[in-house]
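So the structure is just underneath, and the comments pick up after that.
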Amino acid sequence: MKALLHLNKYFYKYHNHLIIGIIITIIARLFLLYTPRYIKEIFTIIETYFAGDITKTVFKNELIEAILYIIGAALIGAILTFFMRQTIINVSRYIEYDLKNEIYNHYQKLSLSFYKQNRTGDLMNRITEDVSRVRMYAGPAIMYSINTLTLIVMVVFYMYNASPKLTLYTLFPLPVLSIIIYKLSKEIHNRSTVVQEYLSKLSTFTQESFSGISVIKAYGIETQTSKNFKDLALESKDKQISLAKMQAWFFPMMILLIGSSNLLVIYIGGMQYINGEIKSIGTIAEFLMYVNLLTWPVATVGWVTSIVQQAEASQKRINEFLNIEPEIKNQSETETKIDGDITFNNVSFTYNDTNIQAIKNVSFTVKQGETLSILGKTGSGKSTILDLIGRLYDVNEGEITINNKKLNELNLYSLRDNIGYVPQDAFLFSDSIKNNISFGKIDATENDVIQAAKNAHVHKNIIKFKNGYNTVLGERGITLSGGQKQRVSIARAIIKSPKILLFDDCLSAVDTETEEKILKNLSQISKGKTSIIVSHRVSSAKNADKIIVLDNGKIVQEGTHESLINVNGYYKDLYLKQLSESPKP
């Protein structure tokens, strides 16, 4: 139960609702207990009438009065039960809402390394399936537990007052039931944990298959993928059936024990009536109703126990992620003004998950309004530099400053709000093109969106779509070509007019003519802003104020286009190679 202690803060938050629900539960159960008492009263009235102790008129009046009491108590009990469910079950929905938001917000804070180590399907399963199981504990389990405890206390009290000896015989099977429940609940907990793990595996496999469907079709491996899914689904089915078999023991066992209690009431009560220990046959009828009133509460003990065990297994999985501390933390609550002077001073960085040192003792300075281009072979550390500027990772050694302030001392949200970032792998949301572009600026007008698209040289492509800017894209922007996705991403970055623009090889999928037009527009937009362009093309770098060339994480060349093409090295070789490959006029 330790894992479920995490929910205590939510129970405290909604304690007024819970207290009202508990009070309503107790009152509702009180009215429910009127029925057995008046059933006994009816038997007594019938016995008295046949004994000749009351007249027919009195008999009818008392009988009608008892029946009306039963109907009235049942109606009031039903209405109160309705409000009980509305009060307590609503709390579980509030907690579900809060818990999902807590998990989602925590996901947002976690670093990129976390997402490299965990699969999307598993993350989704914990915020959906696991939270749903926890909700069952926070609502139905608590409601039925209160209901059961209240009813058992009241019923046992009334039973004992009616006949202590018969009560003891009637309740004899219940301790046996408690022991069985304890044994079964432990096994259910273990099997529930395994079931949830397999649900995560299924979610992950499905999500990855749908996301990579074009690759699956291109390689013609649909049959193999289906087989792999079927094998995983069969394993998951076996685990589910194993859990279901264990849970299936509860209700038959409880029905057997409750049935045994009924038989004991009839036999022991009958013997006591014959021996004169019980004066009215109505007492036996009353006891039978009490036992049957206990049937559902006692049956729910097993069901509730199962829910609690599953909820604990799920909350434990949720806590595993909630207990992970974000590697990147905001160290300043004060909003920071960002101008754009960026300095790297002997910066080194190693990825924890792969232990690969991406950059080594890198030093450079970019002044506000300047453009820096970074070139180098694949894996030379170009993208890592951009990630470090946005504090997607923190440096291992050295220091990065902006406006002469250490990067980790700046307000994280101010920093990122002043950065326009276009990643190497352009990611677009399954939303309209308009919303994808305005994603970088929530209050953007339609004119802002169109102007950003024009500057990214994608406006003419967009208006050719049937719905224009309202065209809804497929998952990850699959509706668009690679070049179009990159240009929409550029539009998204420049629309908010940030102080720092980071372009990570974002023109690789466009032709050189389009690239030239986009770069010309960007040179106008980026006036007064700090721009860093990562590229494999000299054409993207040649107009930069400063160029650095990386090799194996180190700066091997630094200068302007004119200075670098006049010295032997990677830049000159790349320039001559791309010059020879360019189409002749």
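Using UniProt numbering, the letters of the sequence shown map in sequence onto residues 1 to 585. In this text, a Cβ means the ideal position worked out from N, Cα and C, and glycines have one as well. Given the structure is predicted, the values throughout are model-derived calculations rather than measurements.
As assigned by DSSP and simplified to three states, the class of residue i
i	result
Tyr-158	helix
Leu-576	helix
Gln-486	helix
Val-534	strand
Asp-551	strand
Ile-500	strand
Lys-546	strand
Tyr-571	helix
Trp-249	coil
Asn-275	coil
Gly-259	helix
Ser-508	coil
Asp-122	helix
Asn-292	helix
Ile-442	coil
Leu-392	coil
Ile-266	helix
Asn-147	helix
Leu-4	helix
Pro-585	For Pro-585, the predicted structure reports a pLDDT of 47, less than 50, and the residue's modelled location is therefore unreliable. A value from the coordinates is still provided. Three-state result, Pro-585: coil.
Val-304	helix
Asn-521	helix
Lys-40	helix
Ala-493	helix
Ala-285	helix
Ala-51	coil
Bounding residues of the beta strand (DSSP E) (the contiguous stretch that carries residue i)
i	result
Leu-375	371–376
Gln-368	Unbroken run through Gln-368: none, as it is neither H nor E.
Thr-401	397–402
Bounding residues of the alpha helix (DSSP H) (the contiguous stretch that carries residue i)
i	result
Thr-384	382–389
Val-91	56–109
Asp-448	446–455
residue 630	What is shown of the chain runs 1 to 585, which leaves residue 630 out entirely.
Gly-21	15–32
Thr-479	Where Thr-479 is concerned, there is no enclosing alpha helix (DSSP H), given that its DSSP letter is neither H nor E.
Ile-462	459–462
Phe-114	112–117
Lys-529	Per DSSP, Lys-529 belongs to no alpha helix (DSSP H) and is neither H nor E.
Lys-165	164–171
Sub-8 Å separation of residue i and residue j beta-carbons
i	j	result
Glu-370	Lys-546	yes
Ala-456	Arg-487	yes
Met-246	Leu-184	yes
Val-422	Ile-437	no
Val-58	Glu-96	no
Tyr-413	Leu-112	no
Lys-496	Gly-559	no
Ser-481	Cys-506	no
Ile-127	Tyr-94	no
Ile-532	Ile-328	no
Leu-199	Glu-129	yes
Ile-478	Tyr-469	no
Ala-138	Val-91	yes
Ser-332	Leu-550	no
Val-155	Tyr-69	no
residue 619	Arg-191	Residue coverage of the chain in this structure runs from 1 to 585, which leaves residue 619 outside it and unanswerable.
Thr-167	Tyr-160	yes
Phe-210	Phe-229	no
Lys-109	Pro-326	yes
Gly-269	Ile-284	yes
Ile-39	Thr-87	no
Ala-28	Leu-63	no
Glu-286	Arg-133	no
Leu-264	Thr-170	yes
Ala-78	Ile-45	no
Asn-352	Ser-363	no
Thr-350	Leu-415	no
Per DSSP, the bridge partner or partners of residue i
i	result
Gln-557	Val-549
Gly-420	Leu-501
Ser-432	Val-472
Lys-406	Thr-401
Gln-357	Thr-350
message = Please give the ranges of any beta strand (DSSP E) in the region 308–353, keeping only runs that are unbroken, at least 3 residues long and fully inside the region.
response = Those beta strand (DSSP E) runs which fall completely within the region 308–353 and span 3+ residues are 342–350.
message = Runs of 4 residues minimum, wholly inside the region 182–244: which ones carry the alpha helix (DSSP H) assignment?
response = 213–218, all fully within the region 182–244.
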